[in-house]
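Asks: Could you have a look at this structure, given as structure tokens, before my questions?
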Amino acid sequence: MSVQGSGWLCCRLALLGRGYGRKEEEESLELRCKEEPACNGRSPQEVTVCQPSRTANGVKSQPDLPEEMRGLNSLTKSDKSEKSQAGLEWDSDFGVKGYWSITIYGRKHCYRLYTKHFNEATHWACAIQKVIDGKAPVETPTQLLIRDIEKNKSDLEVVEQIYQQNPILRYTQSPLYAPLLPFPYGGVDHTYHNGKGYSALRDEAVKLFHSLQQLEVLQDPVALIQGMLQTCLDLHPLRDEVYCQLVKQTTGTDNPNTAVQLRYWQLLTCMSCTFLPGLPVLSYLQFHLKRVQRRWPGTEADSYASFIRKALEKTRCRELVPSWEEIRALVRRREMLCTVHHPGPGSCQLPISSHTTADELVMKMLERLGLQESRNTFALFERSIHREQVVGGSTIVADILTKFQNLSAKEPESDAQRRLYFKLYCFLDMESISSESVEYIFLFEQCHEMMVRGHLPTSEEDLQALAALRLQTLIGDFTTHSPCPPLDELFPRHVVEARILLTPKSIQPPGDAPAVPHVVAPGGPQCFCSGFRTLWGHAAAAAHKQKAEQDLRLRSRLKEEGVLVMGAIMERWKGLAGYSQQESMATYLSIAKRWPGFGCTLYDVDFYISSTGSFCQKLWLGVSAQSLCVYKQGEPEPLETFPYSQISSYGASDSSTFKVATGDCNLLFETSKLREIVHLINAYFRATRHRGGQEPGAEMEGGVGSESRSPSKGNT
Numbered sequence: 042m043s044v045q046g047s048g049w050l051c052c053r054l055a056l057l058g059r060g061y062g063r064k065e066e067e068e069s070l071e072l073r074c075k076e077e078p079a080c081n082g083r084s085p086q087e088v089t090v091c092q093p094s095r096t097a098n099g100v101k102s103q104p105d106l107p108e109e110m111r112g113l114n115s116l117t118k119s120d121k122s123e124k125s126q127a128g129l130e131w132d133s134d135f136g137v138k139g140y141w142s143i144t145i146y147g148r149k150h151c152y153r154l155y156t157k158h159f160n161e162a163t164h165w166a167c168a169i170q171k172v173i174d175g176k177a178p179v180e181t182p183t184q185l186l187i188r189d190i191e192k193n194k195s196d197l198e199v200v201e202q203i204y205q206q207n208p209i210l211r212y213t214q215s216p217l218y219a220p221l222l223p224f225p226y227g228g229v230d231h232t233y234h235n236g237k238g239y240s241a242l243r244d245e246a247v248k249l250f251h252s253l254q255q256l257e258v259l260q261d262p263v264a265l266i267q268g269m270l271q272t273c274l275d276l277h278p279l280r281d282e283v284y285c286q287l288v289k290q291t292t293g294t295d296n297p298n299t300a301v302q303l304r305y306w307q308l309l310t311c312m313s314c315t316f317l318p319g320l321p322v323l324s325y326l327q328f329h330l331k332r333v334q335r336r337w338p339g340t341e342a343d344s345y346a347s348f349i350r351k352a353l354e355k356t357r358c359r360e361l362v363p364s365w366e367e368i369r370a371l372v373r374r375r376e377m378l379c380t381v382h383h384p385g386p387g388s389c390q391l392p393i394s395s396h397t398t399a400d401e402l403v404m405k406m407l408e409r410l411g412l413q414e415s416r417n418t419f420a421l422f423e424r425s426i427h428r429e430q431v432v433g434g435s436t437i438v439a440d441i442l443t444k445f446q447n448l449s450a451k452e453p454e455s456d457a458q459r460r461l462y463f464k465l466y467c468f469l470d471m472e473s474i475s476s477e478s479v480e481y482i483f484l485f486e487q488c489h490e491m492m493v494r495g496h497l498p499t500s501e502e503d504l505q506a507l508a509a510l511r512l513q514t515l516i517g518d519f520t521t522h523s524p525c526p527p528l529d530e531l532f533p534r535h536v537v538e539a540r541i542l543l544t545p546k547s548i549q550p551p552g553d554a555p556a557v558p559h560v561v562a563p564g565g566p567q568c569f570c571s572g573f574r575t576l577w578g579h580a581a582a583a584a585h586k587q588k589a590e591q592d593l594r595l596r597s598r599l600k601e602e603g604v605l606v607m608g609a610i611m612e613r614w615k616g617l618a619g620y621s622q623q624e625s626m627a628t629y630l631s632i633a634k635r636w637p638g639f640g641c642t643l644y645d646v647d648f649y650i651s652s653t654g655s656f657c658q659k660l661w662l663g664v665s666a667q668s669l670c671v672y673k674q675g676e677p678e679p680l681e682t683f684p685y686s687q688i689s690s691y692g693a694s695d696s697s698t699f700k701v702a703t704g705d706c707n708l709l710f711e712t713s714k715l716r717e718i719v720h721l722i723n724a725y726f727r728a729t730r731h732r733g734g735q736e737p738g739a740e741m742e743g744g745v746g747s748e749s750r751s752p753s754k755g756n757t
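With the numbering used here as the guide, the letters of the sequence shown map in order to residues 42 to 757.
Right, here's the structure in full:
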């Protein structure tokens with residue numbers, strides 16, 4: 042095809058009209074360059090247009106060419122933010138071997154152009170792309186009708202006529218061959234989770250409608266609903282499309298209470314609790330819900346519509362799609378139960394919705410446990426056997442439960458160790474806590490956790506006394522009949538290990554390691570290499586054996602020292618005969634409070650001063666209500682204390698560096714707990730401002746690149 046021919050095609054495409062489009066089927070056209078003169082006598086510059094027939098709704102369809110050519114409106118752009126809606130794909134062997142082909146994808150049509158010459162294919166592609174880039178944004182029939190409904194929604198009679206005259210707005214049992222809304226099509230590359238195997242957005246939209254119709258016949262729709270929600274979460278542009286599909290499928294039926302219709306309402310309920318549509322579709326959806334309630338009062342559809350309208354007022358985009366448990370609750374328009382653990386025995390089960398935040402759940406826990414008047418601050422944590430992390434106040438609790446379910450599917454053996462945990466967070470007033478209150482038990486339990494983790498720096502004698510008091514609290518007077526907790530739950534392990542280091546001779550290998558015999562290889566290089574490999578294998582085996590023996594001796598010594606420590610604890614326990622549980626807890630806390638830093642939270646950090654470059658590893662950063670303190674690990678007295686009034690700013694300089702600026706220096710702390718540290722400092726600021734009658738300031742999230750903030754402003 043010549044350049045002149047390309048220009049003809051460009052002009053022809055530019056002059057195509059736009060039809061309103063009422064059919065839901067998709068057509069495909071092929072434009073092929075014929076170089077053989079025997080092909081109906083046409084010259085090589087001419088193209089042929091062929092369209093395969095398609096059966097639509099039981100009727101064989103073969104529209105005339107001019108009508109279909111007018112359907113090339115699909116080559117225009119889908120919206121102003123997109124470079125092009127149509128896509129151009131190249132293939133050197135598509136259908137006919139040896140031909141270059143260009144495939145043009147539109148909303149309803151697919152065009153294939155063939156030529157044997159690469160230069161001609163290039164000219165065609167450039168000409169077509171120029172037309173695409175110069176066209177105005179396309180609007181699909183559904184979009185135009187949505188606009189008409191919005192414009193006439195005050196005149197219900199006109200609106201009803203729009204619904205009656207346009208089948209595209211009403212329920213159908215037939216499939217869709219094109220989306221209701223425009224998308225980038227064909228070969229246009231999108232960056233939406235390609236690793237999950239998604240195809241073009243247009244194709245995914247058509248697949249979703251097929252999945253939608255499968256809901257009508259499934260006995261248990263939960264898995265399919267979750268899969269569709271996941272696709273919409275991954276591919277953001279598909280959310281509006283699915284909302285429009287659901288409005289279509291819940292419109293124009295004689296009975297909205299059939300099982301088929303209720304399945305659509307159930308999915309629409311789950312959608313409304315997971316993410317919001319764009320503003321035009323949101324307005325269309327709300328009008329649809331009001332219309333259903335007006336036409337079908339007292340029905341199940343009315344109840345679903347009412348539930349969805351309330352949900353849309355609260356919904357913000359979720360991080361994860363609802364779990365199976367949540368979906369089962371949503372399809373019944375019910376809340377679900379959430380189990381929250383807390384220090385001491387027992388837990389609480391509280392009802393939550395898809396919108397309940399961590400702050401709201403904390404308030405429910407405070408009310409359930411009678412802690413509303415506490416002067417301290419409580420928080421929700423994600424806890425497993427290996428880690429604990431505070432939950433941000435605005436986090437949606439249902440997202441956490443979904444994450445737990447997903448992790449349990451991968452690691453079912455650790456399911457019992459993954460839980461939501463409620464406990465004291467900011468220690469603001471520990472002296473006024475009544476010994477009869479639940480809060481007092483929380484303080485005792487959390488103090489013991491801190492001691493076992495090694496975050497209560499005191500003497501070994503005090504640690505043994507605390508362990509004995511713990512036994513007295515749990516069991517009562519000394520007895521050999523009740524099962525005793527293991528040493529790891531009573532006493533810090535690092536102290537036992539430190540006792541072994543004081544007597545290292547029992548861990549070292551006895552005497553010198555045997556000398557490795559000298560190997561002589563009397564047969565040239567090959568024999569030498571063979572002998573060297575033999576020598577290396579013997580040495581490696583000897584090293585492995587020595588390491589195994591050393592580990593065995595270490596475990597033996599740990600066991601021996603553990604028995605000695607446990608014996609000392611038992612002797613102290615015997616001396617506590619007659620102590621009540623309340624007295625044991627009070628004595629325990631009185632010993633713990635001898636540490637001047639009692640109440641602060643310790644974090645393992647690597648610390649260095651940027652101005653001098655000096656570096657010191659393995660310190661503690663203590664965060665309390667009044668100050669930040671730096672401790673040498675295991676030492677009760679701080680190396681340095683920085684009252685908040687002396688800190689000019691703090692923040693995260695990167696993903697693992699916490700920066701604190703004081704009057705004369707910048708302190709940099711390398712830590713894996715960066716976000717937790719910043720959250721706790723922010724929580725102390727909010728709590729102290731609240732107690733002082735001031736409005737709490739904006740919270741700094743502590744992510745990478747966060748700006749530093751000054752704690753002293755309004756908080757001195």
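Every residue, glycine too, gets a C-beta built ideally from N, C-alpha and C.
Which class does Leu712 belong to by DSSP, given the choice of helix, strand or coil?
Replies: Here residue 712 is Thr; the residue named in the question, Leu, does not match the sequence. Note: Thr712 maps to coil in three-state DSSP.
Asks: Please classify Val258 as buried or exposed, where buried requires at least 16 other C-beta atoms within 10 Å of its C-beta.
Replies: The residue in question, Val258, is exposed, as its Cβ has fewer than 16 Cβ neighbours within 10 Å.
Asks: Tell me which residue opens and which closes the beta strand (DSSP E) that Ile209 is part of.
Replies: No beta strand (DSSP E) contains Ile209, which DSSP labels as neither H nor E.
Asks: Starting from Asn707, follow its DSSP beta bridges and name the residues at the other end.
Replies: The partner list for Asn707 (beta bridge, DSSP) reads Ala702.
Asks: By the 10 Å Cβ neighbour count, where 16 or more other Cβ atoms means buried, how is Asn417 classified, buried or exposed?
Replies: Flag for Asn417 reads buried.
Asks: Of all the options Pro220, Val701, Leu276, which has the alpha carbon lying nearest to the alpha carbon of Lys237?
Replies: Minimum Cα distance to Lys237 is reached at Leu276.
Asks: Taking only the alpha-carbon atoms, compute the straight-line gap between Leu217 and His251 and give it to the nearest angstrom.
Replies: Looking at the two C-alpha atoms, the distance is approximately 8 Å.
Asks: Does the contact criterion of 3 or more C-beta pairs under 8 Å hold for the region 430 to 446 versus the region 494 to 508?
Replies: Touching, no, given that fewer than three Cβ pairs across the two stretches are closer than 8 Å.
Asks: Using a 10 Å radius around the Cβ and a threshold of 16 neighbouring Cβ atoms, would you call Asp705 buried or exposed?
Replies: Looking at its Cβ environment, which holds fewer than 16 other Cβ atoms inside 10 Å, Asp705 is exposed.
Asks: Are Ser668 and Phe683 close, meaning C-beta to C-beta below 8 Å?
Replies: Cβ atoms of Ser668 and Phe683: closer than 8 Å.
Asks: I need the DSSP call for Gln426, collapsed to helix, strand or coil.
Replies: A quick correction: the sequence has Ile, not Gln, at residue 426. Of the three classes helix, strand and coil, the one that applies to Ile426 here is coil, per DSSP.
Asks: Met471: which of Phe483, Ala450, Phe463, Glu401 sits nearest, CA to CA?
Replies: It is Phe483.
Asks: Could you tell me if Asp592 is buried or exposed, where buried requires 16 or more neighbouring beta carbons within 10 angstroms of its beta carbon?
Replies: Exposed is the call here.
Asks: DSSP puts His382 in a beta bridge; with which residues?
Replies: According to DSSP, which records beta bridges pairwise, His382 is partnered with Ser388, Tyr462.
Asks: Confirm, please, whether the CB-CB distance from Ser523 to Gln623 is below 8 Å.
Replies: Result no, Cβ atoms of Gln623 and Ser523 do not sit closer than 8 Å.
Asks: Determine the direct distance from the alpha carbon of Gln307 to that of Arg369, and round the result to whole angstroms.
Replies: Their backbone Cα atoms lie some 10 Å apart in a straight line.
Asks: Which residue's Cα is closest to the Cα of Thr443: Gly517, Gln487, Ser364?
Replies: Measuring from the Cα of Thr443, the nearest candidate turns out to be Ser364.
Asks: With distances taken between CB atoms, is the gap from Ile203 to Ile190 smaller than 8 Å?
Replies: In this structure, Ile190 lies closer than 8 Å to Ile203 by Cβ.
Asks: Kindly list the residues whose CB is nearer than 7 Å to the CB of His489, restricted to its own chain and excluding five residues on each side of it in sequence; keep chain order.
Replies: For His489, where only same-chain residues beyond five positions count, the Cβ hits under 7 Å are Arg511.
Asks: If we call anything under 8 Å between Cβ atoms a contact, is Arg459 one with Phe445?
Replies: It is a contact, given that the beta carbons lie within the stated cut-off.
Asks: Name, in chain order, the residues that DSSP records as bridge partners for Met377.
Replies: Answer is Ile393.
Asks: On the three-state DSSP scale, how would you describe Val322?
Replies: Helix.
Asks: Who pairs with Glu480 in a beta bridge, going by DSSP?
Replies: Glu480 pairs with nothing; no bridge assigned.
Asks: Please report the Cβ distance between Gln290 and Ala342, rounded to the nearest whole angstrom; I am assuming they are in contact, meaning their Cβ atoms lie under 8 Å.
Replies: About 12 Å; that fails the 8 Å criterion.
Asks: State the DSSP-derived secondary structure class of Gly663, mapped to helix, strand or coil.
Replies: It is a strand residue.
Asks: Could you pull the start and end residues of the beta strand (DSSP E) that Glu316 belongs to?
Replies: Note that residue 316 is Phe in the sequence shown here, rather than Glu. Taken as a continuous stretch (DSSP letters only), Phe316 belongs to no beta strand (DSSP E), as it is neither H nor E.
Asks: Nearest to Cys389 by alpha carbon, out of Thr398, Met406, Asp400?
Replies: The shortest Cα separation from Cys389 among Thr398, Met406, Asp400 belongs to Met406.
Asks: Is Tyr462 closer than 8 Å to Ala724 when the C-beta atoms are compared?
Replies: Cβ atoms of Ala724 and Tyr462: not closer than 8 Å.
Asks: What does the Cβ neighbour count give for Glu480, buried or exposed, with the cut at 16 atoms within 10 Å?
Replies: With 16 or more other Cβ atoms within 10 Å, it is buried.
Asks: Applying the 10 Å Cβ sphere with the 16-neighbour rule, what's the burial state of Glu282?
Replies: Label assigned to Glu282: buried.
Asks: In or out: Arg243 buried (at least 16 other Cβ within 10 Å) or exposed?
Replies: Classification of Arg243: buried, given that the 10 Å Cβ count is 16 or more.
Asks: With a threshold of 8 Å, are at least 3 pairs of Cβ atoms found where one atom belongs to the region 669 to 680 and the other to the region 494 to 503?
Replies: Because the criterion of three Cβ pairs below 8 Å is met, the region 669 to 680 and the region 494 to 503 touch.
Asks: Which stretch, first to last residue, makes up the beta strand (DSSP E) that contains Tyr691?
Replies: First-last of the beta strand (DSSP E) with Tyr691: 688 to 695.
Asks: By a C-beta neighbour count over all protein chains shown, 10 Å radius and 16 as the cutoff for buried, is Ala219 buried or exposed?
Replies: By the neighbour-count rule (16 or more Cβ atoms within 10 Å), Ala219 is buried.
Asks: So Leu317 and Thr356 are in contact, right, with Cβ under 8 Å, and what is the actual spacing, rounded?
Replies: 6 Å between Cβ atoms; contact.
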